[in-house]
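Just so you know, the protein sequences line up as chains A and F, in that order.
The first sequence begins at 1 in this note's numbering and counts up by one.
The second sequence begins at 527 in this note's numbering and counts up by one.
The beta-carbon is built from N, C-alpha and C at its ideal position, and this holds for glycine as well.
This structure is a prediction, so every number in the text was calculated from the model and none was measured.
To keep things clear, I will list the structure first and then write my remarks on it.
Number of protein chains: 2
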Amino acid sequence: MQIQGNLIIGQQEKFGSEGHIKAINPATNTEMEPAFGLANLHDVEQACALAQAAFDTYRATTPEQRAQFLETIADEILAIGNVLIERAHSETGLPVARLEGERGRTMNQLRLFAKVVRDGHYLNATLDAALPERTPPRPDLRMRKLAVGPVAVFGASNFPLAFSVAGGDTASALAAGCPVIVKAHSAHLGTSELVGRAVQKAVARCNLPEGVFSMLVGDGRQIGQSLVSHPVIKAVGFTGSRQGGVALMRTAAQRKEPIPVYAEMSSINPVFLMPAALAEKSVGIAQAFVESLTLGSGQFCTNPGMVVALESPELQSFISAASTALAAKPGSTMLTPGIHQAYVSGTQRLSEIEGVTMLAQGQVGASACAAQAKLSSCTAQHFLATPALEDEIFGPSSLIIRCENMQEVQAVAEHLEGQLTATVHAVAADYALVKNLLPVLERKAGRILFNGFPTGVEVAHAMVHGGPFPSTSDSRSTSVGATAIDRFVRPVCYQAVPADLLPPALRDDNPWALPRIVDGELKLAV
Amino acid sequence: MQIQGNLIIGQQEKFGSEGHIKAINPATNTEMEPAFGLANLHDVEQACALAQAAFDTYRATTPEQRAQFLETIADEILAIGNVLIERAHSETGLPVARLEGERGRTMNQLRLFAKVVRDGHYLNATLDAALPERTPPRPDLRMRKLAVGPVAVFGASNFPLAFSVAGGDTASALAAGCPVIVKAHSAHLGTSELVGRAVQKAVARCNLPEGVFSMLVGDGRQIGQSLVSHPVIKAVGFTGSRQGGVALMRTAAQRKEPIPVYAEMSSINPVFLMPAALAEKSVGIAQAFVESLTLGSGQFCTNPGMVVALESPELQSFISAASTALAAKPGSTMLTPGIHQAYVSGTQRLSEIEGVTMLAQGQVGASACAAQAKLSSCTAQHFLATPALEDEIFGPSSLIIRCENMQEVQAVAEHLEGQLTATVHAVAADYALVKNLLPVLERKAGRILFNGFPTGVEVAHAMVHGGPFPSTSDSRSTSVGATAIDRFVRPVCYQAVPADLLPPALRDDNPWALPRIVDGELKLAV
């Protein structure tokens, strides 16, 4: 079945009745067929009612059933074939090789969560035996985590596969046992429909209740806000702008029953270049920096938007090498005309701020929405005095902060808002300085990395793609990696519950072979 | 040193300059000496600055240092001696034996968190090895949790020791590595000062930075709101009214950097009496119910404020036995004149609601603020149609919901807001009915218990004292038990960090002998 422009509501499809929109090819700035019908509030109501009806059944599935469902989604996405990559390429301007890689990543995420569900560590199963002889007697106490309820997921513009309809938020919520309602991102509507239908098929193949998954298309904010306001929805996953994320946070906080919002928003990802590292390899660092800055037209949450270093001949050497590398970079298509326009005006605003010097530019691109990469600089004094210099510019623009001394480097670090990442380039001779910097970076960022660049977020057990506000709405969480599932569960304690009524995770015979904390000691299943 | 009426700011004490208040003995409704000086905004500023200055040092302490600190606090509280119990008794009207038990519980909590810190499971240490041969190569990734930052704790009226200055919130925040600033509850100011000074002494004895602990006294909401608004504060612990908790949630959500609030607020703790259980032991259940209802003048978050059962002769037998037991219960002093007044007007309002029948009352008490226990009933139809019937009445009042059939029982359960607890009385013949009810209760409550009553919250590893809103502000957390520490940590990932710069929890040699997840497999330290 080709792209129909439909909403997906459980096992039904329908063409939305509130007008329609079309996807845009950003390379040519032209509309693409077909039209997508827009959802109305009745569609939201129907998707939520189905999700609620599915919830108790779906969350009671065994780990094996849920793992197989996640693996089936991965299989169905692969089965879409090349039409998915072609459509995503046309809708986003992202290169085919990148999209093939992203498809692989999306499938890996689903399979990682299948493993997480089978392992069951996330259930945090805990048993405290009754102490009938104690005064007063202690009852039998058992605890496990369970799914919070239906989750609303907002697809990201910059990862049409890995952070969208069946991306990390959806995979981790489904893994936790939560039905998911996706609001498709208007930047890649056809891609969304293809993937949404793959999930829909997996639901049917696995004999799950249809309300486990729905996908809506909406223009503007009404459908999204009404989803987040709906009493059935118990958590929200979002990747996008600070403005958009904060709006959802406010809506969620003002509900009769406030709910958690996991919004991954805004980060400038500072890179600290330590003096000895710069003396040893300024040119190599500069070249790798420009690769990271311009990768995917700079459209990564972890794009290195700021470099902090001591004013020095070595910094000049870094700037010179980075400028040369940047000048050779072709302009490449951005995701949407709106994102391109925001990049153009953001870099324009930056260049007009007093104290900011333009150092180098990439080439002007041939396509309609091509980004020209930019490298600027200012002094630490200017940075500290100018709040606007900390605004994220989404795209291949970075700002070098020139510091007079290490006190200024520390002051810049302390001044920063919350970040997804903080990067340090250092060699052994720098470690004494780094030891002062690290505690600050630990307070500011969710991931600290050395001698590399922050783009390229591994899907792994130890990954944290999160950080203090405004990088995310909730620094206690990650949206990438195995522990992303923790966002969608809550603990329930069972006190003196008869054996016949205990959930399998907490039965004496431990049928799921879970690791469990028994009387305060962590025990692996034998 | 006796009670001075002082603020505790790090290792300093001072008499607050913004006027003063006195504690009130609720048994006699008379003021107690001395006066307590009220904090001003400069005091808030100073406490926050000290907390921030202490944070990086304190969170870097070893597990052993932090565990010994928690144990030292417990020792110092015991060393206050009988003056603590006497003062708490005068300030709260709670019986001496109860307060001695609560002191033991407070010390047990501190010692439990010492164990939690030594065990280190809460750090969630996770290591993914580098894969240099992969395309692209995977870097070395390591993750641990660390303290979120300074925490503001609001003491509870109803547990002057176990949920106040050195109660569960403070103990778990300190265990996590967070400095704590307590706002003392005005219902037990002298008790707070004595305990606050014990914590202050423990800070000095353990050579910790003074900003690890401060305690402020304030009237009304200004000091509390300014604490929650302060940029240094990164999380809030609160136990109290729904109105008070929601006000703090709003303040925290409106900050430039929103922060988590863990407010434990309002719960009516429904008790479901299944037909066969009622047929078998209605009198015994009724007597135990009245004990739970009137314990501590009904001033527990988990007080059984609602009973749900089928209309039947067995329910009549339950009501008759409960009424007899209740009529014999003396009126006992409530915590404050304000709480007593709210109880009187709450029960008065309840009695005026159409369809509510008063079934029985306890005795009128002799003391100034004595609560007269009340038992009322209404039909399920009335309950479902009358939102006011779901309002918590803090004190020894409970409402029996008479249901025509099990569909009504289910409907009442579905209708409920979030609860700390849900109780079921059932025997084997009831299990088929209970299997339908349990999934609803799992969605509504943080703790489900059988054949007992919800008062008496064990401090254990498997305990959950939490639940969906409005029972708490954050259903993902518990304020009692080992996992309360999870509220005050956030994950940080270390990517390709040189061995010399790794935190001990993540070093190859695992010096703290932590359980760790290594390449996706949970490993116990050998």
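- Burial of R490 (chain A) is indicated by the presence of at least 16 other C-beta atoms within 10 angstroms of its C-beta.
- With a threshold of 8 Å between beta carbons, R105 (chain A) makes no contact with chain F.
- Where R142 (chain A) is concerned, the enclosing beta strand (DSSP E) starts and stops at 141-147.
- Look at the beta carbons and you see the stretch 852-862 of chain F touching the stretch 884-904 of chain F: at least three pairs across the two are nearer than 8 Å.
- At a cut-off of 8 Å, the C-beta of S997 (chain F) has no neighbouring C-beta in chain A.
- With fewer than 16 other Cβ atoms from the protein chains shown falling within 10 Å of its own Cβ, G607 (chain F) counts as exposed.
- When DSSP reads this structure, R731 (chain F) sits in no beta bridge, so it has no partner.
- Taking the CA atoms as reference points, Q874 (chain F) sits about 18 Å from I927 (chain F).
- Identification of chain F residues near N451 (chain A) by a Cβ-Cβ cut-off of 9 Å yields A1022, P1024, ordered along the chain.
- Among the bridge pairs identified by DSSP, I547 (chain F) is matched with F:F562.
- Here P491 (chain A) carries a strand assignment [DSSP, helix/strand/coil].
- At a Cβ-Cβ threshold of 8 Å, F595 (chain F) and A728 (chain F) count as neighbours.
- Within the stretch 457-468 of chain A, those residues whose Cβ lies closer than 9 Å to any Cβ of chain F are, in chain order, E458, A460, H461, A462, M463, V464, H465, G466, G467, P468.
- Annotated three-state conformation of H951 (chain F) is strand, per DSSP.
- Taking C-beta separations shorter than 6 Å and ignoring five residues to either side along the sequence, the partners of E806 (chain F) in its chain run V953, following chain order.
- CA-to-CA, the gap between A730 (chain F) and L638 (chain F) works out to about 22 Å.
- Following the DSSP letters along the chain, one finds E521 (chain A) inside the beta strand (DSSP E) bounded by residues 521-523.
- In this chain, G888 (chain F) is not harboured by any beta strand (DSSP E), its DSSP state being neither H nor E.
- Assignment of T472 (chain A) by DSSP, reduced to helix, strand and coil, places it in the strand class.
- Against R490 (chain A), the close residues of chain F are S1001, R1002, in the order they occur along the chain (beta-carbon pairs closer than 7 Å).
- The beta carbon of R768 (chain F) lies closer than 6 Å to those of M791, S792, P996 in the same chain, with the five residues before and after it left out.
- For C48 (chain A) and V464 (chain A), the gap between their C-alpha atoms comes out near 30 Å.
- By alpha-carbon distance to M832 (chain F), the top candidate from F:G693, F:R723, F:P980 is F:P980.
- Comparing alpha-carbon positions, the option among A:L416, A:E76, A:Y122, A:P63 lying closest to R103 (chain A) turns out to be A:E76.
- Within chain F, the residues G1046 have their CB atoms less than 9 Å from the CB of K115 (chain A), given in chain order.
- Relative to the Cα of A371 (chain A), the nearest Cα in the group A:T386, A:A385, A:P396, A:G355 belongs to A:P396.
- Within its own chain, the residues whose Cβ lies closer than 7 Å to the Cβ of V44 (chain A), once the five positions on either side in sequence are excluded, are L216, I223, S226, L227, H230, listed in chain order.
- P63 (chain A) does not reach chain F, its nearest Cβ partner there being about 15 Å away, counting only Cβ pairs nearer than 8 Å.
- Identification of chain A residues near R664 (chain F) by a Cβ-Cβ cut-off of 9 Å yields E458, A460, ordered along the chain.
- Under the Cβ criterion of 8 Å, M669 (chain F) is counted among the residues facing chain A.
- Within chain A, the residues placing a beta-carbon under 9 Å from that of H647 (chain F) are I517, L522, ordered along the chain.
- Interface residue (Cβ-Cβ distance to chain F less than 8 Å): I448 (chain A) is classified as such.
- Scanning the stretch 250-310 of chain A for uninterrupted alpha helix (DSSP H) segments of 4 residues or longer gives 275-294, listed from N- to C-terminal end.
- For T62 (chain A), the CB contacts under 8 Å within the same chain, skipping 5 residues up- and downstream, are P504, W512 in chain order.
- DSSP, reduced to helix, strand and coil, places M932 (chain F) within a helical segment of the structure shown.
- Here V364 (chain A) is exposed, its C-beta having fewer than 16 other C-beta atoms within 10 Å.
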